[in-house]
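Engineer: Sharing a structure below in structure tokens format, with a few things to ask.
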Amino acid sequence: MNFIGKIIEINGQYVTVKVDDLLALGLINSVNDDEHPEVDVTVVDKRLISPVQRRKTYAILRDMSDFFGYTLDEMKNVMKGLFYETMDVHEFSLGNTDITTARTFISFLLEFALKYHIPMRKTALEYQDDLDVYMYQSLKNRSCVICGLAADVHHVDTVGMGNDRRTVDHREKHLIALCRVHHNEAHNIGWPAFEQKYHVKGIKLDPDTLQRLGIMTFKRMEEIDNESRLTNRSAH
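The C-terminal position of the sequence shown is numbered 247 in the numbering used here, with every residue numbered one higher than the one before it.
If you want it as structure tokens, here you go:
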């Protein structure tokens with residue numbers, strides 16, 4: 012069942028939608044009161060791609076074309092084709108696509124560049140258009156968020172304290188990928204100054220993502236939870 016509506020209000024996790032299709036409303040009302048049907052909401056973004064986004068996109072594509080030996084147009088067509096197939100989206104033009112699609116495409120290009128270590132004229136941090144996604148991509152690819160060199164995973168609140176990443180509990184911690192040089196800089200000047208200087212931040216990852224990225228195993232999580240339960244029992 013598909014219908015079109017307009018978002019009237021957003022209050023926390025609750026969204027109020029006005030639906031003009033009375034037939035659709037009738038079908039919704041026919042659902043048993045005890046049931047809570049799931050919905051898949053697609054928000055139409057009418058904002059057009061910005062000039063900055065367009066410049067970033069072509070800059071990344073130009074770096075890719077230099078690396079692979081394609082022309083710029085060939086590289087654009089190849090990457091757009093991969094994007095359509097991977098993301099299952101409709102074709103779009105960089106001349107008039109929406110901001111959200113442009114942002115997603117830029118993140119897609121950067122993920123590809125980080126994965127295959129494609130040299131870029133500027134850092135990926137300068138090219139990124141979605142900071143949270145870029146922070147995640149850097150952790151995934153163990154790439155320093157500042158310079159792109161090989162990186163380790165660090166806690167924002169304990170950067171430089173020498174914790175053993177194999178035994179520490181990464182859950183509920185803000186993580187960031189930093190090379191040794193930038194790790195030391197963050198330690199020397201302090202995280203607030205480092206964050207303000209480079210405009211980066213740490214992000215939290217859920218247990219499944221921590222396991223998938225090889226940052227923390229489910230076995231280690233279980234060990235820590237068991238140790239915590241034993242400690243709590245001893246305290247009582």
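Cβ atoms here follow ideal geometry from the backbone N, Cα and C, with glycine treated the same way. Here the structure is a predicted model, which means the values were calculated and not measured.
Residue range of the beta strand (DSSP E) that residue 28 falls in?
Structural biologist: 25-30
Engineer: Under a three-way DSSP split, which group does residue 194 fall into?
Structural biologist: helix
Engineer: Per DSSP, which one or two residues make a beta bridge with residue 22?
Structural biologist: 25
Engineer: For residue 159, which residues from the same chain have a beta carbon less than 8 Å from its beta carbon, with the 5 sequence-adjacent residues on both sides left out?
Structural biologist: Cβ neighbours of residue 159 beyond the five flanking positions: 125, 131, 134, 135.
Engineer: Closer than 7 Å by C-beta to residue 161: which residues in its own chain qualify, once you throw out the five before and the five after it? Chain order, please.
Structural biologist: Closer than 7 Å at Cβ, skipping near neighbours: 153, 190.
Engineer: Since residue 104 and residue 140 should fall inside the 8 Å C-beta cutoff, what is the C-beta to C-beta distance between them, to a whole number of angstroms?
Structural biologist: The pair is not a contact, with the Cβ atoms about 18 Å apart (cut-off 8 Å).
Engineer: Would you mind reading off the limits of the alpha helix (DSSP H) that contains residue 74?
Structural biologist: 62-79
Engineer: What residue ranges within the region 114-184 form continuous alpha helix (DSSP H) runs of no fewer than 4 residues, ordered along the chain?
Structural biologist: For the region 114-184, whole alpha helix (DSSP H) runs of length 4 or above, ordered along the chain, are 135-138, 142-152.
Engineer: Please say whether residue 151 and residue 185 have beta carbons closer to each other than 8 Å?
Structural biologist: no
Engineer: Can you list, in chain order, the residues of its chain whose CB lies under 7 Å from that of residue 67, leaving out five sequence neighbours each side?
Structural biologist: Hits under 7 Å: 117, 138, 140.
Engineer: Taking the alpha carbon of residue 31 as the point to measure from, which residue in 221, 49, 206, 17 has its own alpha carbon closest?
Structural biologist: 17
Engineer: Considering only the alpha carbon of each residue, which of 224, 188, 168 lies closest to residue 4?
Structural biologist: Nothing can be reported for residue 4, as the shown portion of the chain is limited to 12 through 247.
Engineer: Tell me the rounded alpha-carbon separation between residue 237 and residue 230.
Structural biologist: 11 Å
Engineer: What whole-angstrom Cβ distance do residue 79 and residue 86 have, given they're in contact under 8 Å?
Structural biologist: Rounded, the Cβ-Cβ distance is 7 Å, consistent with contact.
Engineer: Around the Cβ of residue 61, are there at least 16 other Cβ atoms within 10 angstroms (buried) or fewer (exposed)?
Structural biologist: Residue 61 comes out exposed.
Engineer: Measure from the alpha carbon of residue 69 to the alpha carbon of each residue in 223, 120, 193, then state which is nearest.
Structural biologist: 120
Engineer: Since residue 211 and residue 187 should fall inside the 8 Å C-beta cutoff, what is the C-beta to C-beta distance between them, to a whole number of angstroms?
Structural biologist: 7 Å
Engineer: Around the C-beta of residue 239, are 16 or more other C-beta atoms found within 10 angstroms, so that it is buried, or is it exposed?
Structural biologist: exposed
Engineer: Output the distance between the C-alpha atoms of residue 221 and residue 232, rounded to the nearest integer angstrom.
Structural biologist: 10 Å
Engineer: Quick one: what does DSSP say residue 92 is sitting in, helix, strand or coil?
Structural biologist: helix
Engineer: From this set, 81, 109, 95, which residue's C-alpha is nearest residue 65's C-alpha?
Structural biologist: For residue 65, the closest alpha carbon among the candidates 81, 109, 95 is that of 109.
Engineer: What three-state label does DSSP hand residue 189 in the structure shown?
Structural biologist: Residue 189 sits in a strand when the DSSP states are folded into three classes.
Engineer: Since residue 208 is in the alpha helix (DSSP H), which residue starts that stretch and which ends it?
Structural biologist: 202-209
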